[in-house]
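Reading through the structure tokens given below for one structure.
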Amino acid sequence: KMVFNLPRPNELSPRIQPMIPTPSYTTYPMGHAAEAYFIAHLLLGIIDDALPQDCVPPWQAKWRADLKTMMLRLASRISFNRVVAGIHFPRDTKGGIELADMLWNYVRYAAHPPSGTAPIATASIAWWWQQAVAEWKER
């Protein structure tokens, strides 16, 4: 956020009255969007690894599709509400989604590193990933 240093809506126009307290830091990218979309991708990725698609009953395939829809809608709603509240611009949401996608791609790679190539930083992510997948497999 400090790199972009973009103002919040109420800093550009006194007519904008945010519905909730406005954070004192800059607006872009939207942290709530980044967190919500990243967590959605993370949870869906863990479930995909724990319950491989080729060995699930039909009802579980529908559950998985419904879960993906719900998670992404919730992330969208969280982001949209920040715009409606007057503390973000729509472009901030896009920046948050792009940040979430970059983080998710890094974590996905770190969780499934090519054999013998995992740097130390990604080895811990791979270990945590395996722990999370194991918890879901137990259910």
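Just so we're aligned, residue 1 is where the sequence shown starts under our numbering, counting upward by one.
Glycine residues also receive a C-beta, built at the ideal position from the N, C-alpha and C atoms.
Residue from L43, N81, R77 whose Cα sits closest to the Cα of I20 | I20 has its Cα closest to that of N81, out of L43, N81, R77.
Measure the Cβ-Cβ separation of I78 and A40 and say whether it is below 7 Å.
-> A distance of 7 Å or more separates the beta carbons of I78 and A40.
Where L99 sits in the DSSP three-state scheme | Three-state DSSP puts L99 in a helix.
Pair every Cβ in the region 23-35 with every Cβ in the region 91-106, then say whether three or more of these pairs are closer than 8 Å.
-> By the C-beta criterion, the region 23-35 is judged to be in contact with the region 91-106, since at least 3 inter-stretch pairs fall below 8 Å.
List the endpoints of the continuous alpha helix (DSSP H) containing F89.
-> F89 -> no alpha helix (DSSP H), and no H or E assigned at all.
Where H112 falls: helix, strand or coil (DSSP) | Of the three classes helix, strand and coil, the one that applies to H112 here is coil, per DSSP.
Hey, L103 and F4: beta-carbon distance below 7 Å or not?
-> Taking 7 Å as the Cβ cut-off, L103 and F4 do not qualify as a contacting pair.
Where the alpha helix (DSSP H) containing N5 begins and where it ends = No alpha helix (DSSP H) holds N5; DSSP gives it neither H nor E.
Local conformation of S124 per DSSP, three classes = Helix.
Can you tell which of M2, Q60, K137, A33 has the C-alpha that lies nearest to the C-alpha of L72?
-> Minimum Cα distance to L72 is reached at A33.
Determine the direct distance from the alpha carbon of L12 to that of S124, and round the result to whole angstroms.
-> If I take the Cα positions, the gap works out to 43 Å.
Beta-carbon gap between P87 and R8 smaller than 7 Å = Per the sequence shown, the amino acid found at residue 87 is Ile instead of Pro. Yes; because the gap between Cβ atoms is below 7 Å, this pair is in contact.
Apart from the five residues just before and just after T122, which ones in its own chain have a Cβ nearer than 6 Å to its Cβ?
-> Around T122: A110, P113.
Exposure of D66, with buried meaning 16 or more beta-carbon neighbours within 10 Å | So D66 counts as exposed.
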